[in-house]
Amino acid sequence: YFNNPNGAANPTRPALSKIFDKYRDNPSEEPDEMNIDGLTELLGEMDIEPGDMGALIFSEIVSSPSLGKVTREGFVDGWSELGVDNLPKMKDVCQQRRLTLSQDMGLFKNVYNAAFPLVLPPGSKTLPLEFATEFWTMLFTPPGLEWRSAKGTPWLEWWLEFQQQIKTKAVNRDLWKQTLNFARETLKDDSLSFWSEESSWPSVIDEFVEWVKTEKRPGENGGSGEAMEVE
51 YFNNPNGAAN PTRPALSKIF DKYRDNPSEE PDEMNIDGLT ELLGEMDIEP GDMGALIFSE
111 IVSSPSLGKV TREGFVDGWS ELGVDNLPKM KDVCQQRRLT LSQDMGLFKN VYNAAFPLVL
171 PPGSKTLPLE FATEFWTMLF TPPGLEWRSA KGTPWLEWWL EFQQQIKTKA VNRDLWKQTL
231 NFARETLKDD SLSFWSEESS WPSVIDEFVE WVKTEKRPGE NGGSGEAMEV E
């Protein structure tokens, strides 16, 4: 155990393993897995709805490999690192993180990135747009990071409208991650002056910027939307 900081010397681990055992769905065939029924019961004990932001926060802590699935390793490692060994403490952690999510960008980024693999179809590397839309809507509205500028620009609404308009079918991991980076930039700079043709944004984001300038702000920037197409 000298090479394993999470070894047997950690007093929280046996207690966490015992909690995990209680909520397993199929102990005989899947002794180290908790699935949707057990997870729903566990979340219910903490007053967390399966479709609530609290469920995403919980999933990030325990490194859920997919929606409705938790491994013993992820559960025990995740909570033992936080020094948590019972349900009331788990509930407190999830509630506290829910309250600070929109201000703690490191925390929000972790929860945001952990959401991507949760609903990936088996064997797929891309997220169907309907799932991406559902998660973007949850993550980019309170208690998450509200993707709406202080000036009232409805960035999330525009982003989703644009995806429908160009008939996006799926979202890959890079676009998922870069969407958060782009959202943070728009919240700091509503004018989009941070963007340039030389920027290394995904092409979908480049197209979105052009769409905003031509469709949503045609009278601004001296018609810069058309100028963008000139070599």
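In this note's numbering, the protein residues as written are 51 to 281. In this text, a Cβ means the ideal position worked out from N, Cα and C, and glycines have one as well. Being a predicted model, the structure only gives us computed values, none of them experimental.
With DSSP run on the structure shown, which of helix, strand or coil describes residue i?
{"i": "A105", "result": "helix"}
{"i": "P178", "result": "strand"}
{"i": "A220", "result": "strand"}
{"i": "T62", "result": "helix"}
{"i": "K159", "result": "helix"}
{"i": "K72", "result": "helix"}
{"i": "M84", "result": "strand"}
{"i": "T121", "result": "strand"}
{"i": "S113", "result": "coil"}
{"i": "P268", "result": "coil"}
{"i": "L170", "result": "coil"}
{"i": "V134", "result": "coil"}
{"i": "A165", "result": "helix"}
{"i": "E260", "result": "helix"}
{"i": "G128", "result": "helix"}
{"i": "E147", "result": "It is Arg, not Glu, that sits at residue 147 in the sequence shown. Three-state DSSP puts R147 in a helix."}
If you drop the 5 nearest sequence neighbours on each side, which residues of the same chain put their C-beta closer than 8 Å to that of residue i?
{"i": "V280", "result": "Here V280 scores only 31 on pLDDT, less than 50, and its place in the model should not be relied on; the value that follows carries that caveat. Nothing listed; no residue qualifies."}
{"i": "S199", "result": "W205, T236, L237, D240"}
{"i": "L210", "result": "T183, W186, T187"}
{"i": "S152", "result": "F158, P192, P193, G194, L195, E196"}
{"i": "N160", "result": "E110"}
Spatial neighbours of residue i within its chain, please: CB distance less than 7 Å, with the 5 preceding and 5 following residues excluded, ordered by chain position.
{"i": "N54", "result": "Per-residue confidence for N54 stands at a pLDDT of 48, beneath the threshold of 50, marking its modelled position as unreliable; the derived number appears in the next sentence. Around N54: no qualifying Cβ."}
{"i": "Q228", "result": "W251, P252, I255"}
{"i": "G133", "result": "T62"}
{"i": "L179", "result": "Q213, T218, K219, A220, V221"}
{"i": "M96", "result": "L137, M140, K141, C144"}
{"i": "K68", "result": "none"}
If distances are taken between C-alpha atoms only, which option among the options comes closest to residue i?
{"i": "V169", "options": "S116, W197, L89", "result": "S116"}
{"i": "F49", "options": "E265, L151, R147, M96", "result": "A question about residue 49 goes unanswered here, because the residues of the chain that appear run from 51 up to 281."}
{"i": "E188", "options": "T203, A200, E207, P171", "result": "Sequence inspection shows Met at residue 188; the Glu mentioned does not correspond to that position. Nearest option by C-alpha distance: E207."}
{"i": "V262", "options": "E247, W205, A220, M96", "result": "W205"}
{"i": "L66", "options": "G128, E184, M155, N160", "result": "G128"}
{"i": "R267", "options": "S246, L242, E247", "result": "L242"}
{"i": "M155", "options": "L93, R223, F190, L225", "result": "F190"}
{"i": "L64", "options": "S113, G104, V126, E80", "result": "Reading off the sequence shown, one finds Pro at residue 64, where the question assumed Leu. Comparing Cα-Cα distances from P64 to each of S113, G104, V126, E80, the minimum goes to V126."}
{"i": "G88", "options": "D75, D71, E79, G202", "result": "D75"}
{"i": "L149", "options": "N160, M103, E131", "result": "M103"}
{"i": "D82", "options": "K201, F70, S114", "result": "F70"}
Leaving aside the five residues before and after residue i along the sequence, list all residues of the same chain whose C-beta is less than 6 Å from its C-beta, in chain order.
{"i": "F244", "result": "E235"}
{"i": "N181", "result": "As written in the sequence, residue 181 is Phe, which differs from the Asn given in the question. Only V169 meet the Cβ criterion."}
{"i": "E99", "result": "none"}
{"i": "A277", "result": "Legend: pLDDT at A277 = 37, less than 50; position of this residue unreliable, no value from coordinates given."}
{"i": "V90", "result": "Looking at the sequence provided, one finds Thr at residue 90 rather than Val. Cβ neighbours of T90 beyond the five flanking positions: P100."}
Using 8 Å as the Cβ pair cut-off and three pairs as the minimum, do the segment 163–178 and the segment 120–127 touch?
-> Cβ pair count under 8 Å is below three, so no.
Any 3 or more C-beta pairs closer than 8 Å across the segment 155–167 and the segment 99–111 | Taking 8 Å as the limit for Cβ pairs, the verdict is that the segment 99–111 does touch the segment 155–167.
Decide if the segment 191–207 is in contact with the segment 227–245; the criterion is three or more beta carbon pairs, one per stretch, under 8 Å apart.
-> Judged by Cβ distances under 8 Å, the segment 191–207 makes contact with the segment 227–245, as three or more pairs qualify.
Check whether the segment 252–263 touches the segment 207–222, counting contact only when three or more Cβ pairs, one atom from each stretch, lie closer than 8 Å.
-> With a cut-off of 8 Å, the segment 207–222 and the segment 252–263 count as touching, because enough Cβ pairs lie within range.
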